[in-house]
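Colleague: Quick one: the structure is below, and I'll ask about it shortly.
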Amino acid sequence: MSTTAKNMMLILLVIILAVVPLLLKSGAEFGGADGQAEAVISELNPEYQAWASPIWEPPSGEIESLLFALQAALGAGFIGYYIGASRAKAKNKGNI
Amino acid sequence: MKATKRSMYILYFMATFLTVPQAAYAMHIMEGFLPAPWAVFWTLLSLPFVLLGLKSIKKITKQNPNLKLMLGVVGAFAFVLSALKMPSVTGSSSHPTGVGLGAIIFGPAAMSVLGSIVLLFQALLLAHGGLTTLGANVFSMAIVGPIAAYGIYKLGDKLGAPVWLSVFLASAIGDLLTYVTTSLQLALAFPASTGGFMVSMAKFMAIFAVTQLPLAISEGLLTVLVFNTLSAYNKNELQELAVLKKEAKA
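Residue numbers (this note's numbering), protein chains in the order written: chain A, 300 to 395; chain B, 10 to 259.
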């Protein structure tokens, strides 16, 4: 099997792994696992108070999504550039 | 007595209302949610690993300056994966860590630095994790995860397992152990009044480790994907780093 075909299969598997929970738990909120951890902490130790808070927080969920998207885009862009450049180099050398 | 209880409830709901929408996105230990002594303990424990990592990166880039870009790539991979918040079978969500790839290629020390940078970025700009909990989060994601991934990859290599299988198991188990460590850190800080550490550990494991199971598999698959691609076009570099054997086929 070619690398491309293998990679397509891997991507398909990742998509299935992401979609199945959405179907199985269609009513769930899919909030962060840490929200649940916070609830457990207050159950184990009701007096515990967070003693520090973030210096800066994204002003809204939209801005937060923007920053997360930016994080993913910057990383993916860099990886894509490197792989593209490496591929071109390998092609010029006649390795592929 | 009753009045104070009611005002406590109101205060509790107000606090929840004000804090949950932001905090609900963070999958590492949230800012302020580790008692100070534990925060200091994990920071001190993490420090030598990060210093060792800086030394290791210096050595890698000095010996082989053309590996700088690939070092950037494994850092970028952790950067991308830790931005992907994926749904899990538990009905909550979490994200992969992406540190396995770099640990396999450059060793766990280098990843302790790159992982810390990712965590710092998320703590400062996304209120995801925190500065007081940075040491603990660095220990789980940038130290335990990479060491496990590196060890498993080397073991698979020794046992003659196919490269893709070693890469898959290394990154998936490294991811899972990161969140087992998070559970351990929280259980140590918050032992249950009856049953103590073990009861707490079971509770935190049910949240973090179980949620993480399918995500660890996803991380393993994505790491194999990028590793395959790098092996196809950058075989020389990977052989130079002794990640791939000279005669081995990618």
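Glycine included, every Cβ here is placed at the ideal spot set by N, Cα and C.
For clarity, every value in this text was computed on a predicted model and none was experimentally measured.
Would you mind telling me which residues of chain A sit closer than 9 Å to glutamate 40 of chain B, beta carbon to beta carbon, in chain order?
Modeller: Simply Ala349, Ala351, Ser352, Pro353, Ile354.
Colleague: Please tell me whether methionine 36 of chain B has its Cβ less than 8 Å away from any Cβ of chain A.
Modeller: Judged by the 8 Å Cβ criterion, methionine 36 of chain B is in contact with chain A.
Colleague: Span of the alpha helix (DSSP H) holding glutamate 346 of chain A?
Modeller: That residue, glutamate 346 of chain A, is in no alpha helix (DSSP H); it is neither H nor E in DSSP.
Colleague: Below 7 Å, is the gap between the Cβ of aspartate 166 of chain B and the nearest heavy atom of the ligand ZN?
Modeller: The ligand ZN is absent from the structure shown, which contains no ligands of any kind.
Colleague: Residues in its own chain within less than 8 Å of alanine 218 of chain B by CB, not counting five upstream and five downstream?
Modeller: Same-chain partners within the cutoff: Leu185, Tyr188, Val189, Ser192.
Colleague: Using beta carbons (cut-off 8 Å, strictly below), is alanine 304 of chain A in contact with chain B?
Modeller: It does not: the Cβ of alanine 304 of chain A has no partner Cβ on chain B nearer than 8 Å.
Colleague: For glycine 393 of chain A, does the three-state DSSP call read helix, strand or coil?
Modeller: Three-state DSSP puts glycine 393 of chain A in coil, outside helix and strand.
Colleague: If we cut at 8 Å on Cβ distances, does glutamate 363 of chain A have a partner in chain B?
Modeller: It does: the Cβ of glutamate 363 of chain A has a partner Cβ on chain B nearer than 8 Å.
Colleague: Please look up how many angstroms separate the CB atoms of alanine 179 of chain B and isoleucine 226 of chain B, rounded, as I've assumed it's under 8 Å.
Modeller: Not really, about 13 Å apart at Cβ, beyond 8 Å.
Colleague: Can you tell me whether glutamine 221 of chain B is buried or exposed, with buried defined as 16 or more other CB within 10 angstroms of its CB?
Modeller: Under this definition glutamine 221 of chain B is a buried residue.
Colleague: Taking C-beta pairs closer than 7 Å, name the residues in chain B that glycine 393 of chain A reaches, listed in chain order.
Modeller: Under the 7 Å cutoff, chain B gives no residues; its nearest Cβ is about 13 Å from glycine 393 of chain A.
Colleague: According to DSSP, is alanine 32 of chain B part of a helix, a strand, or is it coil?
Modeller: Its pLDDT being 42, under 50, alanine 32 of chain B is placed unreliably in this model, and the value from its coordinates should be taken loosely. Helix at alanine 32 of chain B.
Colleague: Would you kindly work out how many angstroms separate the C-alpha atoms of serine 8 of chain B and phenylalanine 213 of chain B, rounded to a whole number?
Modeller: Limits of chain B in this structure are 10 at one end and 259 at the other, which puts residue 8 of chain B out of reach.
Colleague: Can you list, in chain order, the residues of its chain whose CB lies under 6 Å from that of alanine 140 of chain B, leaving out five sequence neighbours each side?
Modeller: For the sequence presented, residue 140 of chain B should be read as leucine rather than alanine. For leucine 140 of chain B, where only same-chain residues beyond five positions count, the Cβ hits under 6 Å are Ala132.
Colleague: Which residue from B:Ala92, B:Ser101, B:His137, B:Ala118 puts its Cα closest to that of glutamate 228 of chain B?
Modeller: Ranking the options by Cα distance to glutamate 228 of chain B, first place goes to B:Ala92.
Colleague: Any beta carbon of chain A sitting closer than 8 Å to that of alanine 33 of chain B?
Modeller: The pLDDT assigned to alanine 33 of chain B is 43, lower than 50, so where the model puts this residue is not dependable, and the model offers no usable value.
Colleague: Phenylalanine 206 of chain B touches chain A at which residues, Cβ-Cβ below 8 Å?
Modeller: Simply none; closest approach about 11 Å.
Colleague: Beta carbons nearer than 8 Å to chain A: which residues of the region 143-166 of chain B have them?
Modeller: Under the 8 Å Cβ criterion, the region 143-166 of chain B contributes no residue.
Colleague: Counting contacts by CB-CB distance shorter than 8 Å, is isoleucine 226 of chain B in contact with chain A?
Modeller: Closer than 8 Å: yes.
Colleague: Find the nearest neighbour of isoleucine 382 of chain A within the set B:Val235, B:Phe206, B:Phe148, B:Ile182, judged by alpha-carbon distance.
Modeller: Of the candidates B:Val235, B:Phe206, B:Phe148, B:Ile182, the one whose C-alpha sits nearest the C-alpha of isoleucine 382 of chain A is B:Val235.
Colleague: Could you list which residues in chain A have their beta carbon closer than 8 Å to that of alanine 119 of chain B, in chain order?
Modeller: Near alanine 119 of chain B there are no residues of chain A at all, since even the closest Cβ is about 17 Å away, more than 8 Å.
Colleague: What is the DSSP secondary structure of glycine 154 of chain B, counted as helix, strand or coil?
Modeller: In this structure, glycine 154 of chain B counts as helix in the three-state DSSP scheme.
Colleague: Taking only the alpha-carbon atoms, compute the straight-line gap between valine 319 of chain A and leucine 312 of chain A and give it to the nearest angstrom.
Modeller: When rounded, the distance between both Cα atoms is 11 Å.
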